[in-house]
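Since the structure comes first, as structure tokens, the remarks are kept for the end.
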Amino acid sequence: MAHVIVIPYPAQGHVIPLIELGQRLANEGVRVTFVNTEVNHKLVTSTWTEQESFKGLMNMVSIPDGLDSWEDRSEVGKLTESIMKTMPGKLEELIEMINNEGTHKVTCVIADGCAAWAIRVAKKTGTKSAIFWPSSVASLAPALSITKLIDYGIIDNNGLPIKDQTIVVSQTMPPIKPSNLPWAFVGDMETTKAVFKISVDVAEAATMTEWVTCNSANDLEPDAFSIYSKIVPIGPLLASNRLADQTGHFWQEDFTCLKWLDQNPVCSVIYIAFGSFTLFDQRQFEELALGLELSNKPFLWVVRPGMTKESTVSYPDGFIERTRARGRIVSWAPQQKVLAHPSVACFLSHCGWNSTLEGVINGVPFLCWPYSSDQFSNQTYICDIWKNGLGFDKDETGYITREEIKGKLEHLVSDKTFRGNAMDLKGKALVNVEEGGSSYKNLSNFIDWIKIKMP
Ligand code: UDP
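Structural data, given as structure tokens:
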């Protein structure tokens, strides 16, 4: 029997789609050992059920990330350095331990593209391996183009932009802009260095594996898969994974908001969520609150604890009281279910790829508020290529004002073209994962390859 190790980068937006992949494989009779870091393992398995483990075929285990339990894992630079130092050895030990037990030897390693170090471990232990990129091809393209970008003098050897030259790969792909490279626009230098190292690693690992799969679809990125022909679309997995509810959350989902949505008219509620790690500064956070108030529409807003740079989240004076009748704030929502709810009119989103897919699969139009990494290219897809949403304009001080928020919300909701385009895109994306669709066929071929015994 095939036995796959699946290993995500330890962030929420990676763990969720890799669990979806693991569940797909387990449902096809493949044994799956899902490897989280110890900290994430505790979070994810606290609500893990028999149903989610597919009668024991999907087993959750953990290895240390090298940091002490009390250390801050939101510092990507520090976390990545520690992971790269500690986890390869620990993964090798785990594979050896499983193989020495002898009953179900590891036959394949599937590594998140942001955990490409695991591909080297697979090679070392003589195990076949594949990459799963949990985002778009457009977001992998810059990493695969690093050598060219350096040769053309666009970035230096550390990935930093030196020439402001935009590269248009195709009319249906977001252009590669030096200022928006996934590693260049992430905040501090340590993070930039770490994300650049991850990008160099995935580019190298892509040459070492037979399969580079991607949580996207031909009809979402029409030219991308022919230009980057090694990358194979097998998504959106969330649409083909109707086997179990979304799982793998780091925070407790507040299901009461679904009942609240039931009480609102069809297509009336603005859903606002910024994923798992976006940080707001206090002034911008308050401006967003006041924009929602000014818009005078029902809203469901996810405000994670610690979402602002201040120690506790604080709202403008009187905001909670004034909006109580039509606003609902939760600290973590069952997002896939929220976006599938008929009351949701639009999604004000940071445009993380999972959020983007979840909105697309439900035909929900977007208001884009990207912060870092691939979120800019996802915004370009939404606003310029798919045309199922709008972006914001900042004022001269670099802020998005309450009037801008109100204006764009009104435009998005009143102009039915956006909903129409969103519904068309939903239809196209679903065709890819239905029986006979291109992602469906690719995933079947991938699973067949996983099941083949190595000589
Ligand atoms: N999510 C959720 N509840 C929330 C906010 C987010 O379940 O209140 C999920 C969302 O459905 C998505 C993931 O968290 O699957 C976030 O991934 P994404 O790529 O959108 O953003 P990231 O957190 O990586 O920035």
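Start counting the sequence shown at 476; every next residue gets the next number (this note's numbering). Yeah, the Cβ is synthetic: ideal placement off N, Cα and C, and Gly gets one too. Just so it is clear, the structure is predicted and the values come from calculations on it, not from any experiment.
{"Item": "Residue 907 - containing alpha helix (DSSP H), residue span", "Value": "891 to 908"}
{"Item": "Coarse secondary structure for residue 673, derived from DSSP in three states", "Value": "helix"}
{"Item": "Which residues DSSP lists as bridging residue 607, in chain order", "Value": "587 and 688"}
{"Item": "Any non-hydrogen atom of ligand 1 within 7 Å of residue 829 CB", "Value": "yes"}
{"Item": "Distance between residue 724 and residue 528 (C-alpha atoms, nearest Å)", "Value": "15 Å"}
{"Item": "Residue 809: CB within 7 Å of a non-hydrogen atom of ligand 1", "Value": "yes"}
{"Item": "Exposure label - residue 758; buried when at least 16 CB within 10 Å", "Value": "exposed"}
{"Item": "CB-CB length for residue 533 against residue 509, believed under 8 Å", "Value": "6 Å"}
{"Item": "Extent of the continuous alpha helix (DSSP H) to which residue 561 belongs", "Value": "551 to 576"}
{"Item": "Reference residue 561; option with closest CA among 575, 574 and 539", "Value": "539"}
{"Item": "Three-state secondary structure (DSSP) of residue 853", "Value": "helix"}
{"Item": "Residue 910 versus residue 579: straight-line alpha-carbon distance, rounded", "Value": "31 Å"}
{"Item": "Contact test: residue 854 Cβ vs ligand 1 heavy atom, cutoff 7 Å", "Value": "no"}
{"Item": "Identified DSSP bridge partners for residue 842", "Value": "823 and 865"}
{"Item": "Separation of residue 514 from residue 547, as counted between CA atoms", "Value": "11 Å"}
{"Item": "Three-state secondary structure assigned by DSSP to residue 621", "Value": "helix"}
{"Item": "Length of the line joining the Cα atoms of residue 681 and residue 593", "Value": "12 Å"}
{"Item": "Residue environment, residue 646, which counts as buried when at least 16 other CB atoms sit within 10 Å", "Value": "exposed"}
{"Item": "Closer than 7 Å: residue 487 CB and nearest ligand 1 heavy atom", "Value": "yes"}
{"Item": "Residue 803, enclosing alpha helix (DSSP H) - first and last residue", "Value": "Looking at the DSSP string, residue 803 is not in any alpha helix (DSSP H); the run it does join, the beta strand (DSSP E), is 802 to 805."}
{"Item": "Proximity test, residue 748 beta-carbon vs ligand 1 heavy atom, cut-off 7 Å", "Value": "yes"}
{"Item": "Residue range of the beta strand (DSSP E) that includes residue 746", "Value": "744 to 748"}
{"Item": "Ligand 1 heavy atom lying under 7 Å from the CB of residue 816", "Value": "no"}
{"Item": "Check: residue 752 C-beta below 7 Å from any heavy atom of ligand 1", "Value": "yes"}
{"Item": "Residue 511, enclosing beta strand (DSSP E) - first and last residue", "Value": "506 to 512"}
{"Item": "Any non-hydrogen atom of ligand 1 closer than 7 Å to residue 513 Cβ", "Value": "no"}
{"Item": "Limits of the unbroken beta strand (DSSP E) element including residue 977", "Value": "Any answer about residue 977 is impossible in this case: the structure gives the chain only from 476 up to 930."}
{"Item": "Start-to-end residues for the beta strand (DSSP E) that takes in residue 537", "Value": "533 to 538"}
{"Item": "Sufficient close CB pairs (3 or more, under 8 Å) joining the stretch 568 to 575 to the stretch 649 to 663", "Value": "no"}
{"Item": "Start-to-end residues for the beta strand (DSSP E) that takes in residue 481", "Value": "478 to 482"}
{"Item": "DSSP three-state assignment for residue 794, whether helix, strand or coil", "Value": "helix"}
{"Item": "Backbone secondary structure at residue 925 - three-state DSSP", "Value": "helix"}
{"Item": "Nearest-angstrom beta carbon gap, residue 742 and residue 820 [assumed within contact, 8 Å]", "Value": "5 Å"}
{"Item": "Separation of residue 502 from residue 695, as counted between CA atoms", "Value": "26 Å"}
{"Item": "Residue nearest to residue 825 in terms of C-alpha spacing, selected from 818, 809 and 851", "Value": "851"}
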